[in-house]
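Each remark here refers to the structure printed beneath this line.
Numbering (the working numbering), first residue to last: 1 to 227.
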């Protein structure tokens, strides 16, 4: 795994795992929105993001909480702005928000009891395994959101996973005052998930060629069914 931690460019986030996400009211946002949207093709390729939350009262409250929605939107705004500096012009789109299951919450509380001294890769491995085993429908990125940092990476953490080829697990800490920094870190994770070995090559690519990179993301694969 190529890690995007370190210095100014790479410092990251905090959260955890998921389980019964294929519930009728919260199945894949991509699948659900396919039935409600009018057909249109966006100018930018779409990358879908789902959330698992822990430490909030309940999923319904989170969905209706204007402050959480503002945090979500600001998170993606900051990530998009950061990515545009690297010529990564995509549309990040929020899909599902689901509550951590009791099994997931038990594991999260165990990590919390260690006061940050948890290997961030342990969290990512658990999250990735949980996604694979318990979710039928996955967005391109799954973010575990907790109110308290799980590791010494207080904003959150992520590592290299091939975006659009496999789900990218990330964990982040919900902190309204640090949403700009958290959004930039999300951008860093996404950039590193593109598996770009030479950024000069990326800069020289045409917009059409960059678009093709995201053809395997859910929205592009579903095409008319999604848009």
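We put the CB at the ideal spot given by N, CA and C, even for glycine. The structure presented is a predicted model; accordingly, all values stated were derived computationally and were not measured.
Opening and closing residue of the beta strand (DSSP E) in which residue i lies
i	result
residue 51	46-54
residue 238	Examination of residue 238 is not possible in this model, given that the chain is present from 1 through 227 alone.
residue 156	156-158
residue 163	Looking at the DSSP string, residue 163 is not in any beta strand (DSSP E), and its letter there is neither H nor E.
residue 95	91-99
Residue from the options whose Cα sits closest to the Cα of residue i
i	options	result
residue 181	51, 56, 65, 75	75
residue 81	130, 191, 68	191
residue 53	196, 144, 215, 157	144
residue 84	161, 107, 57, 202	202
residue 51	99, 123, 107	99
residue 211	142, 117, 89	89
residue 106	123, 92, 91	123
residue 214	200, 193, 204, 198	193
residue 150	117, 219, 207	117
residue 160	183, 134, 120, 133	120
residue 219	87, 91, 65	91
residue 189	96, 223, 171	171
residue 86	207, 209, 199	199
residue 158	128, 134, 197	128
residue 134	176, 65, 101, 110	101
Contacts around residue i, its chain only, beta-carbon distance under 6 Å, and the 5 residues preceding and following it disregarded
i	result
residue 25	Unreliable positioning characterises residue 25 in this predicted model, as indicated by a pLDDT of 40, which lies under 50. The coordinate reading is nonetheless provided below. None.
residue 94	49, 72
residue 55	146, 147
residue 196	202
Boundaries of the alpha helix (DSSP H) in which residue i is found, first to last residue
i	result
residue 122	120-134
residue 72	66-84
residue 203	199-204
residue 218	218-222
residue 207	207-213
Other residues of its chain near residue i: CB distance less than 8 Å, five sequence neighbours each side excluded
i	result
residue 217	45, 46, 47, 48, 140, 163, 164
residue 178	155
residue 207	89
Supposed contact pair residue j and residue i - C-beta distance, whole angstroms, cut 8 Å
i	j	result
residue 112	residue 168	Contact flag wrong, Cβ pair sits at about 23 Å.
residue 153	residue 71	Contact doesn't hold; Cβ gap of about 18 Å is too wide.
residue 186	residue 79	4 Å
residue 96	residue 183	No, residue 96 and residue 183 are not in contact; Cβ-Cβ is about 19 Å, not under 8 Å.
Spatial neighbours of residue i in its chain, beta-carbon cut-off 7 Å, leaving aside the 5 residues before and after
i	result
residue 221	none
residue 131	18, 138, 142, 167, 169
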